[in-house]
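First the structure, in the form of structure tokens, and then the observations on it.
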Amino acid sequence: QSALTQPASVSGSPGQSITISCTGTSSDVGGYNYVSWYQQHPGKAPKLMIFDVSNRPSGVPDRFSGSKSGNTASLTISGLQAEDEADYYCSSYTINSTYVFGTGTKVTVL
Amino acid sequence: EVQLLESGGDLGQPGGSLRLSCAASGFTFSSYAMSWVRQAPGRGLEWVSGISGSGGSTHYVDSVKGRFTISRDNSKNMLYVQMSSLRAEDTAVYYCAKGLRSWGSGSDYWGQGTLVTVSS
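Residue numbers (the working numbering), protein chains in the order written: chain S, 2 to 111; chain Z, 9 to 128.
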């Protein structure tokens, strides 16, 4: 199972919106509505930001939103804030009943 | 409050074995699937293995099949992974993660991780 493809880095100014893409195949992203997104600050454990493509866990700001079209999922951060600077990983359930993570995207707030 | 505390990380020899443990609290442990996810130094996340709430169903990434065994003791709220035939590429921080309501939905709580280093 190959890792899902994410851009290595995305940047934006405070207040702007950015979108991170996550491309897989019909055996993972395209086949199930089971895409999740995780935020990871340096030296910290990952934190769930989005599950089941577009659902936010309690406590996650509504600035974070998720969507999917075909084999590509997306995470949008609106109203970018300094504390959003982190690594972001997508993850998808797969046809083998396993999970696969994305390659990771470093978000920089300019 | 959900808490996950991993232990057992250590320096292991190539070809050797290690067992990691994860102590869970703050939720009905037997009702949720659990996973192990690892992160090699400076690298991304890699899902390693998962187990259903009852322990009756287990899943592995291809690179650890036949070498790692995931298990759980619901009477003790403990998750384990027995790692054998260790390789240098198994070097990573290993996280224990609690599953969401459905297998497939991902993990909503993570431990702080335990470091496994495989080297002679």
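Positions of the beta carbon are idealized from the N, C-alpha and C atoms, including for glycine.
Predicted, not measured: the structure shown is a model, and the values here were computed from it.
Asked	Found
When DSSP labels each residue in this structure, what does residue 14 of chain Z get in the three-state scheme?	strand
Is it true that the segment 72-87 of chain S meets the segment 32-42 of chain Z, where meeting means three or more beta-carbon pairs spaced less than 8 angstroms apart?	no
Using 8 angstroms as the threshold, is the C-beta distance between residue 26 of chain S and residue 72 of chain S below it?	yes
Below 7 angstroms between beta carbons is the criterion; list the residues of the segment 91-122 of chain Z that meet it against any residue of chain S, in chain order.	103, 108, 112, 113, 114, 115, 116, 118, 119, 120, 121
I need the straight-line Cα distance from residue 79 of chain Z to residue 104 of chain S, nearest angstrom please.	28 angstroms
Look at the alpha carbon of residue 120 of chain Z and the alpha carbon of residue 39 of chain S, and state the distance between them as a whole number of angstroms.	15 angstroms
Using a beta-carbon distance cut-off of less than 8 angstroms, what residues from the segment 92-104 of chain S approach chain Z?	92, 94, 97, 98, 99, 100, 101, 102, 103, 104
Whole angstroms is fine: what's the gap from residue 27 of chain Z's alpha carbon to residue 72 of chain Z's?	14 angstroms
Could you tell me whether the segment 10-18 of chain Z touches the segment 59-73 of chain Z, using the rule of 3 or more Cβ pairs below 8 angstroms?	no
Run through DSSP, which three-state label would residue 35 of chain Z get?	coil
For the segment 12-25 of chain S and the segment 83-92 of chain Z, state whether three or more C-beta atom pairs, one from each stretch, are separated by less than 8 angstroms.	no
In angstroms, rounded to a whole number, what distance separates the CA positions of residue 66 of chain S and residue 23 of chain S?	14 angstroms
Look up residue 54 of chain Z in the DSSP assignment and say whether it is helix, strand or coil.	strand
Kindly indicate which residue of S/102, S/111, S/110, S/109 has the alpha-carbon position closest to the one of residue 7 of chain S.	S/102
With a threshold of 16 other CB atoms inside 10 Å of the CB of residue 21 of chain Z, please say whether the residue is buried or exposed.	exposed
Report yes or no: is there a C-beta of chain Z within less than 8 angstroms of the C-beta of residue 17 of chain S?	no
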